[in-house]
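Counted the way the working numbering counts, the sequence shown spans residues 173 to 642.
Working notes for the structure below.
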Amino acid sequence: MDGPAGARVGNRRRRGGRPARRVAPLRLPRPRASFPDYGPLHVAGSASDVRGWPARRLVRFGRAPAGGVPPQLPAPWRLSRRGSWVDRVRHERAVRRPQVRETLGTVFALHIDTARSWRGGQQQVLLTVLGLRARGHRAVLVAHPEGELYRRASEGPDLVPLAPINEVDLAAAWQLSRLVRKWRPAIVHAHDPHAVAMVSLGLSFGAPVPRPKVVASRRVDFHLQGNTFSQWKYRQVDGFIAASGAIRDILSHDGIPSGRIVVVHDGIDVEKIAHRPAADLHAEYWLPHGVPVMVNVGALVAHKGQRHLIDAMPMVLREVPDAHLVIFGEGELRAPLERQIEHLSLEKRVLLPGFREDVLSLMKSSDLFVMSSIAEGLGSAVLDAMAMGLAVVGTRAGGIPEVVVPGETGELVAPGDARTLAAAIVKLLKDPALRRAHGEAGRQRVASQFDVEHLVDGTLSAYRQLGVCG
C-alpha cells in the first residue's frame, strides 16, 4: 500500500535505504469478567485493606457504614501482587463469608424436598424446618410449588419453589446451584432421592468455598439403586440421617460407611395432636354407632400391604361380625384394591375414602390402628395413632418394631401374613380394656421418645458430627 510522498510501508524499504517502520498490530484489551473496578489493592501491616471499593458495595456487605473504613482482611487472605480480578473475587468471598456465618445463627441449612404428595416424609420435613427455626437457626425450605408441602409451608418465610421434571433435570439443578452460591448455606439437606440428585448435580455445576456439607435423609427401608448415576449421586453425600436402625443397617449393607450414618427417629407434635378435636368417624361414613372401627392410613402402594389387610377381613368378621375397616390414602393400587373388596363381598365393611386432610381428627374416634406394611422406614402414621391413645397392630417390617412394643403398646405380626394379622386384630377388638391399656402406654412412649424436640435434637446432633454446628 502507498503511504504519503510515495513512501512504501510494511516490509519494504524507503527510497533512502532506511527500513520502513513496522506497523504494530492492533491489540484489543483482554476480555475481563464483568466486575467493577475496585481500584488498587494494598497490603497494610498484618492485614490487607482494600482502597477504592464502591461505598454501596461495602455497605451491602455490612462491613462498613457509608463513608466508613474499608473492610479489614485477615492475614491468611493476603492478595497477590498482581491484584487480578480473580484475587478480587476471592477477596469479595472472604469478606462476605464471615457475615453469613455470624448473622444467620448457629447453623444455616437449605432443606430440599421435591415431592408433590403429602406423606409421612413431607410431614417430617416440615416439622424439622419449623423446629430448627424455633431454636433460632435459619432453615430455608426448597419445595415443589405444586406440592402439598409447599402449600402448608407457604405461611412462613424462607420458602423457595423448585420444580424438577425428573432427577436429571439440569435446568432445575442449575437453579439450585445458583441458589447455593448466592446464599452460601453451611448445610444442604436433601430429604428424598430426587433431591439428592438435584443437590449432586447442582454442586457439580459450581459450589461456594467452602463447599457446603451435604446431608441426605433416608426414610424408606429399600436398598439404594445400583445404577451408575445412583452410585455417583450418593457419593456426593457427606452424611446420612436414617429414620430407623433398620434403615441404617440397609445403608451399611449397601456400602455406606457406618461413621457417615446417624439414626434420627421421626417425631410428631404430640401436644398438637392431643388437643386436636375429634371428628365423628361413624357419622361421616354412615356407620352404625357403637360398632368397632379399624383405621389404616397410608399411600395405596404395594409395600404398604393393604391387600393383606383386606384378605384378613373375612377372618376378622367371623369373630367380630360388626367390625368395619376404613383405609385412608390414595395411590396406584386403588383400582386393584376396589376389585379385591368387591370379590370378597366387603363393600359394606371396607371403605376407601381417599386422602383426607382431617384424617387425624377422624382417627381419634376409631377403636384400633392397623399398620399392614411389608416394608416401612419407621411409620409416622403409627406415631400419630399412638399419640392419640390408639392401640396398634403392626408388622415387623423395617422400623415399626422400634416404635411398637408387643404386649405393651400393641401387637406385632409377620409382614404379609393375613392369618396372624387377623388373629391380632380379633384379640384387641374383643378386649376393650386391653386396647385402652395399650393405647395409654403408647401415648406415654411417643411423648417421651418420639416428639418434635427429639427430632430436632437428633438432627442437630447429626449436623455436629459433620462439623458444621457448634
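Yeah, the Cβ is synthetic: ideal placement off N, Cα and C, and Gly gets one too.
All values reported here derive from a predicted model rather than from experimental measurement.
Rounded straight-line distance, which links the Cα of Leu562 to that of Phe622: Within the sequence shown, numbered from 1, the residue matching residue 622 stands at position 450. Within the sequence shown, numbered from 1, the residue matching residue 562 stands at position 390. One C-alpha to the other measures close to 16 Å.
Can you tell me which of the three DSSP states Val604 falls into? What you label residue 604 is simply residue 432 of the sequence shown in a count that begins at 1. Note on identity: in this sequence residue 604 is Pro, with Val being the wrong assignment. Secondary structure of Pro604 (DSSP, three-state): helix.
Under three-state DSSP, which class holds Glu493? For the purposes of this step, residue 493 is taken as residue 321 along the sequence shown, with counting starting at 1. First, the amino acid is wrong: residue 493 is Pro here, not Glu. In the structure shown, Pro493 sits in coil (DSSP, three-state: anything other than H, G, I, E or B).
Report all residues from its chain with a CB closer than 6 Å to the CB of Ser430; omit the five preceding and five following residues, and keep chain order. As a position in the sequence shown, residue 430 is number 258, starting the count at 1. Counting only Cβ-Cβ distances below 6 Å, and skipping sequence neighbours, we find Ser424.
Could you tell me if Ser620 is buried or exposed, where buried requires 16 or more neighbouring beta carbons within 10 angstroms of its beta carbon? Translated into positions along the sequence shown, residue 620 becomes position 448. By the 10 Å Cβ count, Ser620 comes out exposed.
What is the C-beta distance between Gly588 and Gly477, in whole angstroms, given that I count them as a contact (C-beta under 8 Å)? Counting from one through the sequence shown, the residue named residue 588 turns up at place 416. Counting from one through the sequence shown, the residue named residue 477 turns up at place 305. Correct: roughly 7 Å between the Cβ atoms.
Label Val371 either buried or exposed according to how many other C-beta atoms from any shown protein chain fall within 10 Å of its C-beta, with 16 as the threshold for buried. To locate residue 371, count along the sequence shown from 1; it is residue 199. Buried is the call here.
In angstroms with no decimal places, state the Cα-to-Cα distance between Ser376 and Pro449. One-based indexing of the sequence shown puts residue 376 at position 204. One-based indexing of the sequence shown puts residue 449 at position 277. Straight-line Cα distance between these residues: approximately 49 Å.
For Pro504, count the other beta carbons within 10 Å of its own beta carbon; 16 or more makes it buried, fewer makes it exposed. Which is it? Position 332 of the sequence shown, counting from 1, holds the residue named residue 504. According to the sequence displayed, residue 504 carries Glu and not Pro. Label assigned to Glu504: exposed.
What did DSSP end up calling Asp437 once you bin it into helix, strand or coil? Counting from one through the sequence shown, the residue named residue 437 turns up at place 265. In the sequence as displayed, the identity of residue 437 is His instead of Asp. In the structure shown, His437 sits in coil (DSSP, three-state: anything other than H, G, I, E or B).
Going by other Cβ atoms of all chains shown within 10 Å of its Cβ, with 16 needed for buried, is Val381 buried or exposed? Counted from its first residue, the sequence shown places residue 381 at position 209. By the Cβ neighbour-count rule, Val381 is exposed, with fewer than 16 other Cβ atoms within 10 Å of its own.
Measuring straight from C-alpha to C-alpha, what distance separates Val577 and Leu584? Looking up residue 577 in the sequence shown gives position 405. Looking up residue 584 in the sequence shown gives position 412. Going by the C-alpha atoms only, they are around 8 Å apart.
Pick from Arg511, Gly501, His461, Leu509: whose alpha carbon is nearest that of Asp494? Position 322 of the sequence shown holds residue 494. Among Arg511, Gly501, His461, Leu509, the Cα nearest to that of Asp494 is on His461.
Would you tell me roughly how many angstroms separate the C-alpha atoms of Glu318 and Leu373, rounded to the nearest one? Locating residue 318 in the sequence shown gives position 146, where the first residue counts as 1. Locating residue 373 in the sequence shown gives position 201, where the first residue counts as 1. Spanning the two alpha carbons is a distance of roughly 22 Å.
How should Gly378 be labelled, buried or exposed, when 16 other C-beta atoms within 10 angstroms of its C-beta is the threshold for buried? The count along the sequence shown starts at 1 and reaches residue 378 at position 206. Exposed, because fewer than 16 other Cβ atoms sit within 10 Å of the Cβ of Gly378.
Best match in Asp364, Ala369, Leu321, Leu331 for proximity to Ala343 [C-alpha to C-alpha]: Position 171 of the sequence shown, counting from 1, holds the residue named residue 343. Distance from the Cα of Ala343 is smallest, within the candidate group Asp364, Ala369, Leu321, Leu331, for Ala369.
Beta-carbon proximity check, Ala594 vs Gly292, cutoff 9 Å: As a working mapping, residue 594 is identified with position 422 in the sequence shown. As a working mapping, residue 292 is identified with position 120 in the sequence shown. Not in contact: Ala594 and Gly292 (Cβ atoms no closer than 9 Å).
Straight-line CA distance for Pro384 to Val392? Sequence index remark: in the sequence shown, residue 384 carries index 212 (1-based). Sequence index remark: in the sequence shown, residue 392 carries index 220 (1-based). Those two C-alpha atoms are separated by around 25 Å.
Rounded straight-line distance, which links the Cα of Arg568 to that of Asp426: Reading the sequence shown from its first residue, position 254 is the one you call residue 426. Reading the sequence shown from its first residue, position 396 is the one you call residue 568. In a straight line, the C-alpha of Asp426 is about 21 Å away from that of Arg568.
For Ile359 and Val139, believed in contact at Cβ under 8 Å, the rounded distance: Because the chain is modelled from 173 through 642, residue 139 falls outside the range shown and cannot be assessed.
Using a Cβ-Cβ cut-off of 8 Å (strictly less than) and excluding sequence neighbours within five positions of Trp290, which residues of its own chain qualify? Position 118 of the sequence shown, counting from 1, holds the residue named residue 290. Within the same chain, Trp290 has close Cβ partners Gly319, Glu320, Leu321, Arg324, Phe527.
Less than 9 Å between the beta carbons of Arg310 and Asp330, yes or no? As a first step, residue 310 must be located in the sequence shown, where it is residue number 138. As a first step, residue 330 must be located in the sequence shown, where it is residue number 158. Cβ distance < 9 Å, so Arg310 and Asp330 count as in contact.
Look at the alpha carbon of Leu481 and the alpha carbon of His447, and state the distance between them as a whole number of angstroms. On the sequence shown, position 309 is the one that residue 481 refers to. On the sequence shown, position 275 is the one that residue 447 refers to. Straight-line spacing of the CA atoms in Leu481 and His447 works out to 30 Å.
Could you tell me if Asp452 is buried or exposed, where buried requires 16 or more neighbouring beta carbons within 10 angstroms of its beta carbon? Position 280 of the sequence shown, counted from the start, is the residue given in the question as residue 452. So Asp452 ends up on the exposed side.
I'd like to check one pair, Ala484 with Arg591: are the Cβ atoms closer than 9 Å? Position 419 of the sequence shown, counted from the first residue, corresponds to residue 591. Position 312 of the sequence shown, counted from the first residue, corresponds to residue 484. Closer than 9 Å, so yes.
Leaving out the 5 sequence neighbours to the left and right, which residues in its chain are closer than 6 Å to Asp539 when beta-carbon positions are compared? To locate residue 539, count along the sequence shown from 1; it is residue 367. Once the five neighbours on either side are set aside, the close Cβ partners of Asp539 are Pro464, Val465.
By alpha-carbon positions, which one of Leu516, Ala605, Leu282, Val301 ends up nearest to Arg350? What you label residue 350 is simply residue 178 of the sequence shown in a count that begins at 1. It is Leu282 whose Cα lies nearest to the Cα of Arg350.
In the DSSP output, what is Leu584 paired with across the bridge? Along the sequence shown, one-based indexing puts residue 584 at 412. Looking at the DSSP assignment, Leu584 forms a beta bridge with Gly566.
Distance CB(Leu638)-CB(Gly411) smaller than 9 Å: As a working note, residue 638 is residue 466 in the sequence shown. As a working note, residue 411 is residue 239 in the sequence shown. Yes, the Cβ-Cβ distance between Leu638 and Gly411 is below 9 Å.
From Asn468, Glu519, Met487, residue whose alpha carbon lies closest to that of Glu502: Residue numbering aside, residue 502 sits at position 330 when the sequence shown is read from its first letter. Comparing Cα-Cα distances from Glu502 to each of Asn468, Glu519, Met487, the minimum goes to Asn468.
So, with DSSP's three-state summary, where would you put Leu509? Here residue 509 refers to the residue found at position 337 of the sequence shown. In the structure shown, Leu509 sits in a helix (DSSP, three-state: H, G or I).
According to DSSP, simplified to helix, strand and coil, what is Arg636? Working through the sequence shown from its first residue, we reach residue 636 at position 464. Arg636 falls in the helix class under three-state DSSP.
Are the Cβ atoms of Gly614 and Gly582 separated by less than 9 Å? Locating residue 614 in the sequence shown gives position 442, counting from the first residue. Locating residue 582 in the sequence shown gives position 410, counting from the first residue. Contact flag set, yes.
For the alpha helix (DSSP H) that contains Ile422, what are its first and last residues? Position 250 of the sequence shown, counted from the first residue, corresponds to residue 422. From DSSP, the alpha helix (DSSP H) with Ile422 extends over 417-425.
Of all the options Arg490, Arg479, Val531, which has the alpha carbon lying nearest to the alpha carbon of Ser545? The residue labelled residue 545 in the question sits at position 373 within the sequence shown. Measuring from the Cα of Ser545, the nearest candidate turns out to be Arg479.
Can you give the Cα-Cα distance for Val643 and Asp364, rounded to whole angstroms? The requested residue 643 does not occur in the structure, where the chain is confined to residues 173 to 642.
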